[in-house]
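Worksheet: the structure to be examined is printed underneath.
There are 2 protein chains.
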Amino acid sequence: MSELKGACIFGQSGGPTSVINASAAGVIQEALKQGSITAVYGAAHGIKGMLDEKFYDMSKEDPYELELLKTTPSSALGSVRYKLKKAEEDETDYKRLLEVFKKYNIRYMFYNGGNDSMDTCDKVSKYMQKAGYECRIMGVPKTIDNDLWGTDHCPGYGSAAKYIATSTMEVYHDARVYDKGMMGRNAGWLTAASALAAERGCGPDLIYLPELPFDLDRFLEKASGIYKKNNNVIVAVSEGIKDKDGKYISEYGSDLAQSKDAFGHAQLGGLASTLANIIKHKTGAKVRGIEFSLLQRCAAHIASLTDVSEAYMAGQAAVRFAVEGRTDCMVAFERAAGTEYKCNIRLINLTEVANTEKKIPREWINKEGDGLTEEFIKYAAPLIRGESRPPIENGLPRFARLKKVLATK
Amino acid sequence: MSELKGACIFGQSGGPTSVINASAAGVIQEALKQGSITAVYGAAHGIKGMLDEKFYDMSKEDPYELELLKTTPSSALGSVRYKLKKAEEDETDYKRLLEVFKKYNIRYMFYNGGNDSMDTCDKVSKYMQKAGYECRIMGVPKTIDNDLWGTDHCPGYGSAAKYIATSTMEVYHDARVYDKGMMGRNAGWLTAASALAAERGCGPDLIYLPELPFDLDRFLEKASGIYKKNNNVIVAVSEGIKDKDGKYISEYGSDLAQSKDAFGHAQLGGLASTLANIIKHKTGAKVRGIEFSLLQRCAAHIASLTDVSEAYMAGQAAVRFAVEGRTDCMVAFERAAGTEYKCNIRLINLTEVANTEKKIPREWINKEGDGLTEEFIKYAAPLIRGESRPPIENGLPRFARLKKVLATK
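These protein sequence lines map, in sequence, to chains S and X. Be aware that the first sequence starts at 103, since it is given in the working numbering, and climbs by one per residue. Be aware that the second sequence starts at 103, since it is given in the working numbering, and climbs by one per residue.
Listed below in structure tokens is the structure:
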């Protein structure tokens with residue numbers, strides 16, 4: 103493949119994670135090294151910054167601060183939730199992107215996000231091809247939800263899982279806790295991570311995932327039984343659990359209007375308190391609902407070193423493959439065969455990954471539907487290994503401080 | 103003072119903290135070394151275990167597990183909220199305690215807790231004196247609320263403050279957060295700790311403490327102003343804030359029945375969501391309420407080493423002073439004069455400390471009443487220094503596992 107000389111642009115999209123900036127470090131540090139890449143731009147708020155011609159010249163940053171990105175949570179460049187219309191329906195955004203790309207001779211685009219972001223990459227890539235503008239576009243996966251199709255796991259999941267498992271172990275020790283809740287949309291990967299705490303003898307008694315319909319009566323019966331026996335019961339539930347008719351349990355006791363986000367997903371929330379109120383009402387027990395909320399997606403102070411390293415590697419690989427001539431792909435992970443955990447990189451087509459959701463296999467959930475099997479533990483345990491921690495100054499983390507010098511033509 | 107030979111009993115009471123077990127380690131390890139102490143008992147669930155004659159023989163524990171108590175959160179022996187009646191009104195419990203103490207020749211009692219626990223110590227101590235039973239009783243302070251009178255600060259506060267400051271810095275990086283809430287009863291020490299994050303440039307824009315009346319209109323005006331300017335506003339609020347008429351703000355939008363705990367304190371909760379709903383309703387902004395809930399009191403994975411060491415030292419000092427002949431006191435901290443932080447031990451009478459609450463001085467809060475001054479930062483900064491972390495096994499903490507062998511007469 104012939105060498106393609108030009109600038110690259112990098113953007114972050116969707117909900118933050120503890121390691122999305124580690125991928126940013128991977129892309130930026132690698133791109134700054136590549137001879138074919140003439141400038142490295144960081145888009146402010148993802149695709150929005152590209153459309154608004156608002157991006158930073160990453161060569162102006164202090165190398166130490168770029169290194170600190172590996173342990174700085176959330177999106178250093180700012181994130182966005184912006185859905186591109188289909189080019190067949192409205193070309194405005196695409197024309198604008200082409201104009202900006204031409205103006206700055208942007209020939210590489212790296213985009214870090216989940217399902218929706220891969221869809222964005224895919225659409226831009228197809229349009230640029232059709233317009234005859236040579237440009238290599240690579241997706242770098244991230245989502246704490248771990249629901250991206252085509253990859254063994256997602257950067258961001260390991261650290262969230264480590265936070266959840268650790269906090270669950272700590273909550274377990276907090277004697278007077280009777281119930282708790284956790285976030286997660288339609289795939290239960292995050293809630294399932296609490297099973298890692300259970301494996302250490304400090305986990306929830308019951309775990310409910312959105313992969314299976316939730317039976318409130320059966321749950322109340324089981325929870326009451328355990329409570330009577332142990333005087334204590336800890337339950338982990340996914341925000342997105344539904345009953346057999348497809349109704350969200352969080353809607354049971356709540357009359358809050360359900361709003362929808364820009365991608366048409368219902369905005370879920372408040373299951374822990376809804377469920378806690380139902381249990382209080384039915385059993386009279388003292389119940390405490392705990393929402394891990396966004397703490398689980400930004401807890402860089404307890405990130406998984408495996409996750410951070412892989413997130414970095416994903417960013418780096420995206421740049422290397424693009425420079426070598428690959429485009430239109432997402433970097434994905436593949437677990438090497440053998441007993442020792444090893445994570446290899448593979449590429450998958452953007453079209454395949456966009457808008458497909460990966461759920462927990464049924465056989466990784468126990469028969470009763472209220473716990474995880476050994477297969478899940480084997481899968482998740484290596485992902486939370488290793489301690490990644492930001493440097494500490496006087497007891498608090500020192501996160502990266504970027505200068506954010508705007509790029510000029 | 104003459105030597106007093108006999109067994110000692112140790113109990114934990116009230117809400118758990120990250121370092122209550124570090125004090126337990128201090129008491130137990132020191133007591134096991136003392137020649138005058140013939141047996142070391144750990145009461146199951148505090149005063150309840152003493153009354154029920156349910157306590158463990160701590161000499162039967164593996165020394166390594168006792169060492170791990172320093173980094174294990176919550177109450178290893180189990181906690182309790184049990185209020186002793188005044189002896190003048192009902193002697194039953196006191197008579198029973200005397201009976202148990204005599205049966206096991208218990209001559210030392212160490213009790214780890216907050217205001218209410220010091221009140222318990224005080225009552226028991228007075229009764230034993232009146233009954234002519236020689237027994238040395240020492241209180242070891244703990245509470246994340248930091249509201250104990252007579253001590254510079256409380257074991258438990260530094261670690262909770264560190265967790266809050268760190269999590270606040272992380273949440274700050276999580277771009278799409280507009281509002282958050284934190285726990286705390288009537289003294290705002292915990293919420294104030296978010297000012298430590300502000301000092302690092304990653305903190306809340308506004309901080310509201312229960313030390314001052316809360317003006318909802320003024321708050322909405324200020325928050326809207328900051329939101330308009332920065333497109334983002336982070337607010338830290340204490341659970342216990344009230345308006346000028348003394349009404350809890352958490353009651354504003356809530357029709358939940360207010361229940362009371364065993365000590366007659368109103369059970370607060372849900373302020374973050376109440377306030378978030380009010381802001382959503384008034385401004386239309388996307389608001390996210392985050393409750394740190396009990397995560398802040400059990401986050402041993404990010405405990406302050408200063409706090410852990412001082413908690414241990416408090417337990418150890420209680421035993422040493424008692425063996426030397428002191429009784430009827432609580433171990434308290436005193437900051438040494440000078441620029442370098444140094445924490446000295448002093449003893450204060452139980453009667454003085456019980457049921458008095460220490461609030462944040464007015465001059466440590468800014469004029470507007472929505473932020474902290476440099477004095478608070480100077481006070482709190484040394485308390486969160488140093489990293490205490492449990493040993494990690496395959497990515498997760500290894501907490502202490504006690505055998506809990508029941509004591510036999």
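We put the beta carbon where it would ideally sit given N, CA and C, even for glycine.
Would DSSP call residue i helix, strand or coil?
i, result
"X:Val-339", "strand"
"X:Ala-368", "Low confidence applies here, because X:Ala-368 scores a pLDDT of 42, under 50, leaving its location unreliable; read the following figure in that light. Strand."
"S:Ala-233", "coil"
"X:Cys-400", "helix"
"X:Phe-112", "strand"
"X:Gly-144", "strand"
"X:Pro-499", "strand"
"S:Asp-430", "coil"
"X:Ile-381", "helix"
"S:Arg-464", "helix"
"S:Val-273", "helix"
"X:Gly-117", "coil"
"S:Phe-478", "helix"
"S:Asp-307", "coil"
"S:Ile-208", "strand"
"S:Ile-328", "helix"
"X:Ile-494", "strand"
"S:Tyr-184", "coil"
"S:Phe-423", "helix"
Bridge partners of residue i, per DSSP?
i, result
"X:Phe-203", "According to DSSP, X:Phe-203 bridges with nothing at all."
"X:Ser-535", "In the structure as shown, chain X starts at 103 and stops at 511, and residue 535 of chain X therefore has no counterpart that could be examined."
"X:Cys-445", "X:Arg-437"
"S:Glu-74", "This structure gives no information on residue 74 of chain S, because the portion of chain S shown stretches from 103 to 511."
"S:Leu-250", "S:Glu-459"
"S:Val-242", "S:Asn-214"
"S:Phe-157", "S:Ala-145"
"X:Asn-451", "X:Cys-431"
"S:Lys-344", "S:Tyr-350"
"X:Leu-508", "X:Tyr-158"
"S:Ile-139", "S:Gly-108"
Residues of chain X with CB closer than 8 Å to the CB of residue i, please, in chain order.
i, result
"S:Thr-174", "His-275"
"S:Gly-488", "Gly-497"
"S:Thr-268", "His-403, Leu-498, Pro-499"
"S:Lys-69", "No answer is possible for residue 69 of chain S: the residues shown for chain S start at 103 and end at 511."
Residues of chain S with CB closer than 7 Å to the CB of residue i, please, in chain order.
i, result
"X:Cys-400", "Glu-272, Val-273, His-275, Asp-276"
"X:Leu-298", "Leu-498"
Residue i versus chain X: which residues are under 7 Å apart at the beta carbon?
i, result
"S:Arg-302", "Leu-498"
So which residues of chain S does residue i contact, with C-beta pairs closer than 8 Å?
i, result
"X:Phe-101", "Any property of residue 101 of chain X remains undetermined from this structure, which presents chain X solely from 103 to 511."
"X:Ala-483", "Asn-496, Gly-497"
Can you check whether the CB of residue j is closer than 8 Å to the CB of residue i?
i, j, result
"X:Ile-208", "X:Gly-108", "yes"
"S:Ile-486", "S:Gly-260", "yes"
"X:Val-335", "X:Thr-293", "no"
"S:Met-240", "S:Phe-212", "yes"
"X:Lys-505", "X:Glu-163", "yes"
"X:Ala-297", "X:Phe-478", "yes"
"S:Ala-179", "S:Gly-215", "The question names Ala, but residue 179 of chain S in the sequence shown is Leu. Cβ atoms of S:Leu-179 and S:Gly-215: not closer than 8 Å."
"S:Lys-150", "S:Val-182", "yes"
"S:Leu-377", "S:Gly-391", "yes"
"S:Thr-173", "S:Ser-395", "no"
"X:Ala-416", "X:Pro-243", "yes"
"S:Tyr-310", "S:Asp-409", "no"
"X:Pro-312", "X:Gly-342", "yes"
"S:Ala-438", "S:Thr-253", "no"
"S:Arg-448", "S:Glu-459", "no"
"S:Ala-146", "S:Asp-159", "no"
For a contact meaning CB atoms closer than 8 Å, what does residue i contact in chain B?
i, result
"X:Arg-390", "Of the chains in the structure shown, none is chain B; the protein chains are S and X."
What does residue i reach in chain S if we use C-beta pairs closer than 9 Å?
i, result
"X:Ser-406", "Gly-497"
Three or more C-beta pairs closer than 8 Å, one from the region 496 to 510 of chain S and one from the region 265 to 277 of chain S: is that the case here? Taking 8 Å as the limit for Cβ pairs, the verdict is that the region 265 to 277 of chain S does not touch the region 496 to 510 of chain S.
When the Cβ atoms of the region 401 to 412 of chain X are set against those of the region 115 to 129 of chain X, are three or more pairs found closer than 8 Å? Counting Cβ pairs under 8 Å, three or more are found: they touch.
Does the contact criterion of 3 or more C-beta pairs under 8 Å hold for the region 194 to 209 of chain S versus the region 406 to 423 of chain S? Contact between the region 194 to 209 of chain S and the region 406 to 423 of chain S is absent, because fewer than three Cβ pairs lie under 8 Å.
How do the region 223 to 238 of chain X and the region 189 to 205 of chain X stand: do at least 3 beta-carbon pairs fall below 8 Å, yes or no? As far as the Cβ criterion goes, the region 223 to 238 of chain X touches the region 189 to 205 of chain X, which means the pair count is three or higher.
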